[in-house]
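These notes concern the structure reproduced below.
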Amino acid sequence: MKVNHVHSFSLSIPEMKNKQRELQQKIEIAPYHGTPTFVAGVDVAYHQQMGIAVIIVMDFKSMQVVEQVWQIDQVTQEYIPGLLAFRELPLILTAWKKVTIEPEIVFFDGNGILHPNRVGIATHASFFLEKPTVGIAKTPFIGHYLEPDPQRGSYTFIYEQDEMIGASLRTQPNVKPVYISVGNLIDLDSSIHLSMQLVGKTSRIPEITRQADILTRKIRREYLSHPN
DNA sequence: GCGACAG
DNA sequence: ATCTTGTCGC
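The following block contains the structure:
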């Protein structure tokens, strides 16, 4: 297992757990509540060794993109299940410095506490961003849950033992659900409902991370894909 | 020990 | 994540 702790951040797994316990108290004292004005979405794409991190800032009500920033750099850390943040977070945090419109909540392509150590990338990122984060994953990682009803907006909770660690959310009728989990500083119900409000008419993935994903591929097309 | 395993 | 054509459906 190769993990270089030579990044703009570095937390060992025990440190992650401590940090999580510390911020868990803030969640209980002051979880995010209400309707955000601006939200952000984060995603990363790759072209060989190059990674492209995109952050989209969007007006929550109109779902219009108000800012988009990105960062391109070499990524040498391999992907290890459970340690996605070690691969993607350094690039994301560099891109984050370019954001000028401050969002209240940040959504990630990946998991929050729906993770073997309860520290998925959305949770890990919150330690540095210090704001509420939510994980939106396209495939389940861990946990047990029942299939949500086929209609749009229905959801079931995901458990491990007696711990409720996420939700399986049906964003479109008869379409495979997405997997929502708390990153930090927000409760699961808000995470689910805010994610659902960011779903467009026909897409399975909420617009906030979908737009980030789209831009990520566009940048790759224009800057990295062509040999000449 | 063996397989599974977010992106 | 990435490699990839056509195709069914709104």
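Mapping of the first sequence onto UniProt numbering: position 182 corresponds to residue 182, and the numbering continues sequentially without gaps.
All residues carry an ideal CB built from backbone N, CA and C; glycine is no exception.
Ile80 versus Arg152 - alpha carbon distance: 33 angstroms
Evaluate Arg87 with the Cβ neighbour count: other Cβ atoms within 10 Å of its Cβ, from every protein chain shown; 16 or more gives buried, anything less gives exposed. buried
Assign Asp213 to one of three DSSP states: helix, strand, or coil. helix
Asp162 (DSSP reduced to helix, strand or coil): coil
Within 10 Å of its beta-carbon, does Asp149 have 16 or more other beta-carbons around it, so buried, or fewer, so exposed? exposed
Give the single residue among Gly110, Pro140 and Val57 whose Cα lies nearest to the Cα of Val134. Gly110
The alpha helix (DSSP H) that contains Asp109, what's its start and end? Per DSSP, Asp109 belongs to no alpha helix (DSSP H); it is in the beta strand (DSSP E), Ile105 to Asp109.
Taking the beta carbon of Val54 as the centre, do at least 16 other beta carbons fall within 10 Å, making it buried, or is it exposed? buried
Go through its chain and collect everything with a Cβ distance to Leu146's Cβ below 6 angstroms, but skip five positions before and after it. Thr156
Per-residue DSSP class, three states only, for Met63: coil
Hey, out of Leu89, Leu215, Thr123 and Pro90, whose CA is closest to Ile105's CA? Thr123
Under 8 angstroms between the Cβ atoms of Asp192 and Leu114? The amino acid at residue 192 is misidentified as Asp; the sequence shows Ile. Taking 8 angstroms as the Cβ cut-off, Ile192 and Leu114 do not qualify as a contacting pair.
Using alpha carbons as the reference points, say which of Glu15, Ile219 and Leu185 lies closest to His33. Leu185
With 16 other Cβ atoms within 10 Å as the buried cut-off, status of Ile101: exposed
When you compare the CB positions of Ala85 and Ile121, do they come within less than 8 angstroms of one another, or not? yes
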